[in-house]
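Undergrad: My questions will all concern the structure given below.
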Amino acid sequence: MTADDAPFVACCPACTERTTAADPNEVVAFYRRHHAVTGHDVSWERTPPLAADVPADPDVDAVVAALGDPDVALGAVSAAASEWGWTVGETLDAVHDRRLTGALWEPRDDHVAVV
Amino acid sequence: MTRWNDGVEELHAVSPDITDETNALPARYFTDPDVWEMEKEKVFSRYWVYAGHENCIPDAGDYFTRTVGDKQVIVARDEDGDVRAFYNVCAHRGSKMVADTPMTDPGNMDRIQCPYHLWTYDLDGDLRSTPRSFEEAGLNPDLDDADVSGLDPDENGLLEVRTDSIGPLVFLNFADDPPLSLAEQAGKLKTRLESLPLEEYQHARRYVSEVACNWKTFGGNYSECDHCQANHQDWITGIQLDESELEVNDYHWVLHYTHEADVEDELRIHDEHEAQFHYFWPNFTVNMYGTADGYGTYIIDPIDEGRFQLIADYYFADPELTEAEEEFVRTSRQLQEEDFELVERQYEGLQSGALGQGQLGPNEHTLHRFHRLAQEAYNA
Chain A
116 MTADDAPFVA
126 CCPACTERTT
136 AADPNEVVAF
146 YRRHHAVTGH
156 DVSWERTPPL
166 AADVPADPDV
176 DAVVAALGDP
186 DVALGAVSAA
196 ASEWGWTVGE
206 TLDAVHDRRL
216 TGALWEPRDD
226 HVAVV
Chain B
21 MTRWNDGVEE
31 LHAVSPDITD
41 ETNALPARYF
51 TDPDVWEMEK
61 EKVFSRYWVY
71 AGHENCIPDA
81 GDYFTRTVGD
91 KQVIVARDED
101 GDVRAFYNVC
111 AHRGSKMVAD
121 TPMTDPGNMD
131 RIQCPYHLWT
141 YDLDGDLRST
151 PRSFEEAGLN
161 PDLDDADVSG
171 LDPDENGLLE
181 VRTDSIGPLV
191 FLNFADDPPL
201 SLAEQAGKLK
211 TRLESLPLEE
221 YQHARRYVSE
231 VACNWKTFGG
241 NYSECDHCQA
251 NHQDWITGIQ
261 LDESELEVND
271 YHWVLHYTHE
281 ADVEDELRIH
291 DEHEAQFHYF
301 WPNFTVNMYG
311 TADGYGTYII
321 DPIDEGRFQL
331 IADYYFADPE
341 LTEAEEEFVR
351 TSRQLQEEDF
361 ELVERQYEGL
371 QSGALGQGQL
381 GPNEHTLHRF
391 HRLAQEAYNA
């Protein structure tokens, strides 16, 4: 898969390392590996059209509710949150915070749903 | 003769004689997920592997983490100034203790504390303290506090990972009884590197790239230069490939690239009028440039059988690079990108399953050593 035909493309702005993926959670895995050895965050360059509307103001719970059927891949949440200019790391942190308030849960690995 | 997977020719172990037809590692060792699982133990848990550069953790309590296969390690400088490594695993119930922390952005801690139940360790790994709930039995009606014997700090410390160094370069070995010391595995590499002022250079850049091929595919590409004339035309400008030499030692090989024109001595860390690219089994390189006063290292870090991270670090006297040094790094990155295309293309071919066992040319003797070491490790 190349950057031309991949539905998901993400990049490290600090060192321009780029990844392409068919599954948005592959980008999350890439972020974790890259962050572990560089400390860098990763930004989305391309995501496919969203299957649901994303609120204009940042609201992770609303995105999970809109995309969850019944749950949604973390990578898909992050791709949607890129509409607000969020990086992958920022989205994962926000989802983590919401999980620890009990608003979101993780019914299966790296997929979240609204409680 | 090349051995295709056509049911006609048998595959063989890597022949010690490079002139034999079966002088290369069979292709499945590059593509089979079971081989990667085997390599975690037989390669990466048996031989010395590079952890990082100790200049990045100059003070007591400075640390970074490193993952090798499935093993996660904290590399820290202790109160005596020694660099030590511990599994990033609490002695209580096995929790991972500290978050992933890159060498390039190290952390600092007075003590190592597990966030789960707050077991706390000194920087030498000894258990320093536990919460009162581990010293008293207040919640257990079957025990009195007097029945609780307490935890011996020495007996309940962290599991240390064996470390050794070549200059500022820190290596790990996970084996209970390593078959080789670092000095034995490194051989001449240790002598050569220790004669150079590596510790006077500072970390300046790190580039981490994910590449879609087996780690040995890239390692093999690094180890020969028969592909350079056709594929690295910018880089080979000024290099006399026909005057260059590929030197093979037991676990280490060197590509000596002779420069055509005189290059000022100030533009090299070493004395020889050449670039020296050192490959150290299994997955580490030290790159001594002929035209820049600095050096680089590569960790060819497997993700799985079909992907690896190239962790490329650059060291210069001053981490604020001059324009010429920036240009040098850019050229080096170009070389990497050219190689990534080559090895990903090669790996696509290997994954097709058509090739059973390739064959090496007479000037791929460094690569032959690499394949033999892999075979030797698998057979051990």
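Those protein sequence lines, which keep their order, are chains A and B.
Under the working numbering, residue 230 is the last one in the first sequence; the count climbs by one each step, no gaps.
Under the working numbering, residue 400 is the last one in the second sequence; the count climbs by one each step, no gaps.
All C-beta atoms, glycine included, are put in the ideal place defined by N, C-alpha and C.
1. Checking 8 angstroms against the spacing of the C-beta atoms, do Gln377 of chain B and Leu31 of chain B come in under that value?
2. Cβ of Tyr70 of chain B within 8 angstroms of Cβ of Trp301 of chain B?
3. Taking CB distances under 8 angstroms as the criterion, tell me whether Ser352 of chain B reaches chain A.
4. Alpha helix (DSSP H) containing Asn307 of chain B: first to last residue?
5. What residues from chain B crowd round Gly154 of chain A, counting only those whose CB sits closer than 7 angstroms?
6. Is the beta carbon of Ala232 of chain B closer than 8 angstroms to that of Tyr334 of chain B?
7. I'd like the list of long-range same chain contacts for Asp184 of chain B, defined as Cβ closer than 6 angstroms, with 5 residues on each side in sequence excluded.
8. By the 7 angstroms beta-carbon criterion, what residues does the segment 119 to 138 of chain A contribute toward chain B?
9. By Cβ distance, which residues of its chain are closer than 6 angstroms to Val268 of chain B, with the 5 residues on each side in sequence left out?
10. Where does Tyr136 of chain B fall in DSSP's three states?
11. What is the rounded straight-line gap between the Cα of Asn140 of chain A and the Cα of Asp119 of chain A?
12. Is Pro139 of chain A helix, strand or coil by DSSP?
13. Measure from the C-beta of Tyr227 of chain B to each C-beta in chain A and report whether the shortest distance is under 8 angstroms.
14. Measure the CB-CB distance between Trp56 of chain B and Glu325 of chain B and report whether it falls below 8 angstroms.
15. Taking the alpha-carbon of Asp197 of chain B as reference, which of B:Arg182, B:Ile186 and B:Glu294 has the nearest alpha-carbon?
16. What residues from chain A crowd round Ile132 of chain B, counting only those whose CB sits closer than 9 angstroms?
17. Sort B:Phe297, B:Ile319 and B:Pro78 by Cα distance to Glu220 of chain B and report the nearest one.
18. Using only CA atoms, which one of A:Thr162, A:Thr131 and A:Ala180 lies nearest to Pro170 of chain A?
19. For the alpha helix (DSSP H) containing Phe348 of chain B, name the first residue and the last one.
20. Who are the neighbours of Ala151 of chain A on chain B, taking C-beta pairs under 8 angstroms?
21. Would you report the Cα separation of Ser232 of chain A and Lys91 of chain B, rounded to the nearest angstrom?
22. Counting contacts by CB-CB distance shorter than 8 angstroms, is Glu230 of chain B in contact with chain A?
23. Run through DSSP, which three-state label would Tyr271 of chain B get?
24. Mind pulling the chain B residues with CB within less than 8 angstroms of Arg148 of chain A?
25. Count the other CB atoms within 10 Å of the CB of Val143 of chain A; is the residue buried (16 or more) or exposed (fewer)?
26. Expressed to the nearest angstrom, what Euclidean distance is found between the alpha-carbon atoms of Ala151 of chain A and Thr39 of chain B?
27. Hey, quick one: how far does the beta strand (DSSP E) through Cys126 of chain A stretch, first residue to last?
28. Just to check my reading of the structure: Trp235 of chain B and Pro322 of chain B have Cβ atoms closer than 8 angstroms, yes? What is that Cβ distance to the nearest angstrom?
29. Relative to the C-alpha of Glu244 of chain B, which residue among B:Leu275, B:Asn160, B:Pro217 and B:Gln260 is closest?
30. Where does Gln296 of chain B land, buried or exposed, given buried means 16+ other C-beta within 10 angstroms?
31. Just to confirm before moving on: does the CB-CB distance between His293 of chain B and Lys208 of chain B stay below 8 angstroms?
32. Could you tell me the distance, in whole angstroms, from the CA atom of Thr42 of chain B to the CA atom of Ser35 of chain B?
33. Looking only at C-alpha atoms, which of B:Gly316, B:Arg48, B:Thr351 and B:Pro135 sits nearest to Thr237 of chain B?
34. Applying the criterion that 16 or more other CB atoms from any shown protein chain within 10 Å of the CB defines a buried residue, is Tyr136 of chain B buried or exposed?
35. Assuming the contact rule is C-beta atoms closer than 8 angstroms, Gly81 of chain B and Arg97 of chain B should be a hit. Round their C-beta distance to whole Å, please.
TA: On the basis of the coordinates in this document:
1. Your numbering for residue 377 of chain B matches position 357 in the second sequence. Your numbering for residue 31 of chain B matches position 11 in the second sequence. Yes; because the gap between Cβ atoms is below 8 angstroms, this pair is in contact.
2. Position 50 of the second sequence, counting from 1, holds the residue named residue 70 of chain B. Position 281 of the second sequence, counting from 1, holds the residue named residue 301 of chain B. Going by C-beta atoms, Tyr70 of chain B is not nearer than 8 angstroms to Trp301 of chain B.
3. Counting from 1 along the second sequence, the entry for residue 352 of chain B is found at position 332. Cβ-Cβ to chain A under 8 angstroms: no for Ser352 of chain B.
4. Here the question's residue 307 of chain B lines up with position 287 in the second sequence. In the DSSP assignment, Asn307 of chain B falls outside any alpha helix (DSSP H) and within the unbroken beta strand (DSSP E) covering Phe304 to Met308.
5. One-based indexing of the first sequence puts residue 154 of chain A at position 39. Chain-ordered, the chain B residues with CB closer than 7 angstroms to the CB of Gly154 of chain A read Pro122, Thr124 and Asp125.
6. Taking the second sequence and counting its residues from 1, one reaches residue 334 of chain B at position 314. Taking the second sequence and counting its residues from 1, one reaches residue 232 of chain B at position 212. No, the Cβ-Cβ distance between Tyr334 of chain B and Ala232 of chain B is not below 8 angstroms.
7. Walking along the second sequence from the start, residue 184 of chain B turns up at place 164. Within the same chain, Asp184 of chain B has close Cβ partners Phe191 and Leu202.
8. From the segment 119 to 138 of chain A, only Cys130, Glu132 and Thr134 have a Cβ closer than 7 angstroms to chain B.
9. Stepping through the second sequence from its first residue, residue 268 of chain B is reached at position 248. Around Val268 of chain B: His385, Thr386 and Arg389.
10. Position 116 of the second sequence, counted from the start, is the residue given in the question as residue 136 of chain B. Reduced to three states, the DSSP call for Tyr136 of chain B is coil.
11. For the purposes of this step, residue 140 of chain A is identified with residue 25 of the first sequence, where counting begins at 1. For the purposes of this step, residue 119 of chain A is identified with residue 4 of the first sequence, where counting begins at 1. Asn140 of chain A and Asp119 of chain A have their alpha carbons spaced roughly 19 angstroms apart.
12. By 1-based counting over the first sequence, the position of residue 139 of chain A is 24. Pro139 of chain A falls in the helix class under three-state DSSP.
13. As a first step, residue 227 of chain B must be located in the second sequence, where it is residue number 207. Interface residue, yes.
14. Against the second sequence, residue 56 of chain B aligns to sequence position 36. Against the second sequence, residue 325 of chain B aligns to sequence position 305. Yes, the Cβ-Cβ distance between Trp56 of chain B and Glu325 of chain B is below 8 angstroms.
15. Translated into positions along the second sequence, residue 197 of chain B becomes position 177. The alpha carbon of Asp197 of chain B has as its nearest neighbour, out of B:Arg182, B:Ile186 and B:Glu294, the alpha carbon of B:Arg182.
16. If you number the second sequence from 1, residue 132 of chain B lands on position 112. The premise fails here: Ile132 of chain B is roughly 18 angstroms from chain A at the closest Cβ pair, so nothing lies under 9 angstroms.
17. The count along the second sequence starts at 1 and reaches residue 220 of chain B at position 200. Comparing C-alpha distances from Glu220 of chain B to each of B:Phe297, B:Ile319 and B:Pro78 shows the shortest one belongs to B:Pro78.
18. Position 55 of the first sequence holds residue 170 of chain A. For Pro170 of chain A, the nearest C-alpha among the options comes from A:Ala180.
19. As a working note, residue 348 of chain B is residue 328 in the second sequence. Element bounds for Phe348 of chain B: Glu343 to Gln371.
20. The residue labelled residue 151 of chain A in the question sits at position 36 within the first sequence. Under the 8 angstroms cutoff, chain B gives Thr85, Thr87, Asp120 and Pro122.
21. An answer regarding residue 232 of chain A cannot be provided, because it is not within the stretch 116 to 230 covered by chain A.
22. Within the second sequence, numbered from 1, the residue matching residue 230 of chain B stands at position 210. Chain A has a Cβ within less than 8 angstroms of the Cβ of Glu230 of chain B.
23. Numbered from its first residue, the second sequence carries residue 271 of chain B at position 251. Three-state result, Tyr271 of chain B: coil.
24. Taking the first sequence and counting its residues from 1, the one referred to as residue 148 of chain A is at position 33. Those within 8 angstroms of Arg148 of chain A in chain B are Glu230, Ile323 and Gln329.
25. Here residue 143 of chain A corresponds to residue number 28 of the first sequence, with the count starting at 1. Buried, because 16 or more other Cβ atoms sit within 10 Å of the Cβ of Val143 of chain A.
26. Taking the first residue of the first sequence as position 1, residue 151 of chain A is located at position 36. Taking the first residue of the second sequence as position 1, residue 39 of chain B is located at position 19. When rounded, the distance between both Cα atoms is 43 angstroms.
27. On the first sequence, position 11 is the one that residue 126 of chain A refers to. Its beta strand (DSSP E) spans residues Phe123 to Cys126.
28. Translated into positions along the second sequence, residue 235 of chain B becomes position 215. Translated into positions along the second sequence, residue 322 of chain B becomes position 302. Contact holds; Cβ gap of about 4 angstroms.
29. Counting from one through the second sequence, the residue named residue 244 of chain B turns up at place 224. It is B:Leu275 whose Cα lies nearest to the Cα of Glu244 of chain B.
30. If you number the second sequence from 1, residue 296 of chain B lands on position 276. Under the 10 Å beta carbon count, Gln296 of chain B is surrounded by 16 or more other beta carbons and is classified as buried.
31. Along the second sequence, one-based indexing puts residue 293 of chain B at 273. Along the second sequence, one-based indexing puts residue 208 of chain B at 188. Not closer than 8 angstroms, so no.
32. In the second sequence, residue 42 of chain B corresponds to position 22, counting from 1. In the second sequence, residue 35 of chain B corresponds to position 15, counting from 1. Roughly 6 angstroms between the two C-alpha positions.
33. Position 217 of the second sequence, counted from the start, is the residue given in the question as residue 237 of chain B. Taking only the C-alpha atoms, the option nearest Thr237 of chain B is B:Arg48.
34. For this step, residue 136 of chain B is matched to residue 116 along the second sequence. Here Tyr136 of chain B is exposed: its Cβ has fewer than 16 other Cβ atoms, across all protein chains shown, within 10 Å.
35. For the purposes of this step, residue 81 of chain B is identified with residue 61 of the second sequence, where counting begins at 1. For the purposes of this step, residue 97 of chain B is identified with residue 77 of the second sequence, where counting begins at 1. Between the beta-carbon of Gly81 of chain B and that of Arg97 of chain B there is about 7 angstroms, and that keeps the pair under the 8 angstroms contact cut.
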